[in-house]
Amino acid sequence: MTEEEIFAVIRAQIVDVLPETAGIDITLDHSMRDLGANSIDRMDVVIAAQDELGITVPGAALTRAEDLRSLVAVFRSHLSTHA
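Heads up: the sequence shown runs through residues 1 to 83, numbered per the UniProt record's numbering.
Structural data, given as structure tokens:
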């Protein structure tokens, strides 16, 4: 799965959890905090994205994700090592 495909899943989950972001050009450089997500919103996005991607990423690995680019990298790394 490409980075763009993973990002599309995450972006769709962000819009689902935070409908007010639907008109925003969400980029890899955004953090979910930048987009107005609280801690529960962020977990909802991460869990839903993992479900859609068919993966489970340990919490310790997720703490390294400061922005969407790093979250995509964590998911991609997990997909490639657990494929």
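Idealized CB from N, CA, C, for every residue including glycine.
The structure displayed is predicted, hence computed values, not measured ones.
**Request:** Pick out whichever of Leu62, Asp44 and Arg64 has its Cα sitting closest to the Cα of valine 17.
**Result:** Asp44
Could you tell me which of Thr27, Phe7 and Glu3 sits nearest to alanine 48, measuring between CA atoms? Phe7
(request) Consult DSSP for alanine 73 and reduce its assignment to one of helix, strand or coil. (result) helix
**Request:** Please classify alanine 37: is it buried, with 16 or more other beta-carbons within 10 angstroms of its beta-carbon, or exposed?
**Result:** buried
In the DSSP assignment, find the unbroken alpha helix (DSSP H) run with glycine 23 in it and report its ends.
Counting along the chain, glycine 23 falls outside any alpha helix (DSSP H), and DSSP gives it neither H nor E.
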